[in-house]
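If you're matching them up, the sequences are chains A and B in order. Every number in this note's numbering is 322 more than the matching position in the first sequence, counting from 1. Every number in this note's numbering is 322 more than the matching position in the second sequence, counting from 1. Working notes for the structure below.
2 protein chains.
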Amino acid sequence: MRQAVNLCISFRRTDSNEDVTVGSNAREKILASARTIAQAHGYGGLNFRDLAEAVGIKAASIYHYFPGKAELGAAVARRYWEDSAAALEALASDGADPRGALRRYPETFRKALASDNRICLCSFMAAEYDDLPDGVMSEVQTFADVNVAWLSKTLAASGLVQAADSDARARAIFAAIAGAQLMARSRADIGIYDALIDGYRAAGLLPA
Amino acid sequence: MRQAVNLCISFRRTDSNEDVTVGSNAREKILASARTIAQAHGYGGLNFRDLAEAVGIKAASIYHYFPGKAELGAAVARRYWEDSAAALEALASDGADPRGALRRYPETFRKALASDNRICLCSFMAAEYDDLPDGVMSEVQTFADVNVAWLSKTLAASGLVQAADSDARARAIFAAIAGAQLMARSRADIGIYDALIDGYRAAGLLPA
DNA sequence: GTTTACCTACCAAACGTTAGGTAGGGAGAG
DNA sequence: CTCTCCCTACCTAACGTTTGGTAGGTAAAC
């Protein structure tokens with residue numbers, strides 16, 4: 323019952339059915355601010371008043387762009403995995419060396435920690451499973467699918483793991499990195515993240 | 323700046339300075355229900371009305387046992403790692419085989435998933451770092467310390483890992499298991515957890 | 001003159017918390 | 001033996017605040 327994920331996406335900044343006239347950049351600012359807030363406080367900790375203040379508008383104005391919190395959350399999570407997929411594609415094509423790309427994969431998640439001890443949006447939202455609207459949860463799952471698919475593909479291309487094992491290994495790496503983020507956050511110490519990644523390499527989970 | 327953790331604790335169910343007359347079991351029920359709720363909804367998702375209803379009392383009555391939400395949260399987290407430390411001690415002395423104990427370590431966390439897709443209280447609370455009162459956060463950190471100390475000790479005793487590396491390996495295992503829990507929860511599928519643990523063993527992170 | 005992009009001004013519900021009350025029991029004084 | 005006093009273990013009722021959400025307006029752009 324796995325949802326197929328197309329990694330080849332054309333990354334538009336607007337939905338295909340709405341024509342962008344001029345700068346509807348308020349919508350973008352809402353999306354960006356909501357992502358930042360949710361990376362620190364989760365979906366439950368995201369509220370319209372603080373979000374609006376961060377954007378520089380009033381809370382009621384958010385409803386001009388999103389029907390409600392559930393749809394905003396889904397849009398934020400979708401944008402998050404879209405951006406992540408684009409970054410992974412860039413990482414893969416940059417140098418075209420699968421081993422180098424794998425080596426730099428943990429950096430993606432490191433950036434969040436480096437930015438005020440935040441974590442991956444979808445790691446936080448995974449914890450919030452019971453209180454997340456369905457539309458949000460499915461986007462969170464797609465984020466995991468995108469990352470696992472990229473890791474599996476790159477792992478197989480690197481020749482470091484047998485093709486038959488690449489999927490399981492990809493999932494193990496993804497989960498382990500999510501855990502490392504969480505541990506580092508709980509001490510507000512990015513050094514813990516770095517040490518854990520080193521530990522994964524030493525143990526043979528991640529290619530050294 | 324690491325807090326020393328004494329693993330040898332006498333596990334009393336009451337504070338030493340209060341003499342237990344008869345069954346003050348309401349306090350215990352509050353603690354147990356709060357733990358269960360927080361494992362599914364986090365500290366932020368824990369509220370007095372739902373908690374009181376689960377216990378069978380009124381919300382205001384909780385204040386008879388705890389000064390406020392922060393102290394309740396800290397008491398819940400403290401009890402959580404106390405129980406966890408006792409369970410680990412039992413696991414270690416059961417059979418007295420370090421390798422067997424290590425093999426069964428992931429079962430501890432598996433139980434939470436098997437119980438309505440809940441996760442380790444402290445994994446959830448680690449994500450909530452920014453919104454957690456200090457007293458709660460330090461108990462959460464102690465939970466990690468207790469687990470890492472047990473893993474490190476058992477790893478070293480097993481002879482599977484060099485003593486110099488046991489601490490780093492312990493941390494890696496703990497973080498990886500936390501991540502595995504999160505991934506399984508996000509799909510409400512305990513099979514994902516089992517597969518990830520198998521993957522960790524296959525990759526050499528966990529002893530097979 | 002309709003649409004876009006906001007705003008002010010609300011609302012009902014839920015939140016942690018507080019005030020003040022009550023039923024019952026144990027302990028000491030008379 | 002009983003009366004008073006205090007403690008425990010709750011309760012009802014409300015507080016102020018915050019939450020997601022709504023109704024309706026306005027000023028500019030097309």
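Each residue gets a CB set at the ideal place from its N, CA and C atoms; glycine is no exception. Predicted model only: the values in this text are computed from it and were never measured.
Residues that residue i contacts on chain B, provided the C-beta gap is smaller than 7 Å
i, result
"A:LEU353", "Under the 7 Å cutoff, chain B gives no residues; its nearest Cβ is about 20 Å from A:LEU353."
"A:ARG509", "GLN463"
Contacts of residue i in chain A (Cβ-Cβ under 8 Å)
i, result
"B:ASN439", "TYR451, ASP452"
"B:ILE499", "GLY501"
"B:ALA448", "LEU504, MET505, ARG507, SER508"
"B:LEU368", "None at all; the shortest Cβ gap to chain A is about 11 Å."
"B:ALA382", "Ordered by position in chain A, no residue passes the 8 Å Cβ test against B:ALA382, which lies about 24 Å from the chain."
Per-residue burial, residue i [other beta carbons within 10 Å of its own, 16 or more giving buried]
i, result
"A:ASP416", "exposed"
"B:GLY378", "exposed"
"B:TYR515", "buried"
"B:GLU273", "In the structure as shown, chain B starts at 323 and stops at 530, and residue 273 of chain B therefore has no counterpart that could be examined."
"B:PRO428", "buried"
"A:SER355", "buried"
"A:SER474", "buried"
"B:ASN347", "exposed"
"A:GLN361", "buried"
"B:SER406", "buried"
"A:LEU528", "buried"
"A:HIS386", "exposed"
"A:SER437", "exposed"
"A:GLN463", "buried"
"A:VAL344", "A caution first: A:VAL344 carries a pLDDT of 31, below 50, which makes its placement in the model too unreliable to give a value."
"A:ALA498", "buried"
"B:ASP489", "buried"
"A:ALA486", "exposed"
"B:ALA412", "exposed"
"A:ALA418", "exposed"
"B:ALA478", "buried"
"A:GLY513", "exposed"
"A:ALA414", "buried"
"A:ALA423", "buried"
"B:ARG371", "exposed"
"B:GLY390", "exposed"
"A:ALA434", "buried"
Bounding residues of the alpha helix (DSSP H) (the contiguous stretch that carries residue i)
i, result
"B:LEU413", "391-415"
"A:GLU450", "Note, A:GLU450: premise wrong, no alpha helix (DSSP H); not H, not E."
"B:LEU477", "456-480"
"B:HIS386", "Element bounds for B:HIS386: n/a, residue is neither H nor E."
"A:LYS380", "First-last for A:LYS380: undefined, no H or E at that position."
"A:ALA494", "488-509"
"A:PRO428", "420-436"
"B:ILE514", "512-525"
"A:ARG357", "347-363"
CB of residue i within 8 Å of CB of residue j, strictly
i, j, result
"A:LEU518", "A:ALA494", "no"
"A:ALA525", "B:ARG491", "yes"
"A:ALA397", "A:PHE388", "yes"
"A:ILE359", "B:ALA449", "no"
"B:SER508", "A:ALA466", "yes"
"A:ALA399", "A:VAL458", "yes"
"B:ILE384", "B:LEU394", "yes"
"B:MET447", "A:ALA500", "no"
"B:GLY366", "A:GLY481", "no"
"B:HIS363", "A:ASP456", "no"
"A:ARG357", "A:TYR402", "yes"
Partner residues on chain A for residue i, Cβ-Cβ distance less than 7 Å
i, result
"B:LEU518", "ARG493, ALA494, ALA497"
"B:ALA530", "Under the 7 Å cutoff, chain A gives no residues; its nearest Cβ is about 12 Å from B:ALA530."
Contacts of residue i in chain A (Cβ-Cβ under 9 Å)
i, result
"B:SER474", "Those within 9 Å of B:SER474 in chain A number zero; the least Cβ separation is about 12 Å."
"B:LEU443", "Neighbours of B:LEU443 on chain A: none; closest Cβ ~11 Å, over 9 Å."
"B:TYR365", "Here the premise fails: no neighbours, minimum Cβ distance about 10 Å."
"B:LEU527", "ALA494, ALA498, GLY521, TYR522, ALA525, GLY526, LEU527"
"B:ALA362", "TYR451, ASP452, ASP453"
Interface partners of residue i on chain B, CB under 8 Å
i, result
"A:HIS386", "None at all; the shortest Cβ gap to chain B is about 28 Å."
"A:ALA466", "MET505, SER508"
"A:ALA490", "ALA517, ASP520, GLY521, ALA524"
9 Å Cβ cut-off: residues of chain B touching residue i
i, result
"A:ALA396", "Residues of chain B passing the Cβ test: none, with the nearest at roughly 15 Å."
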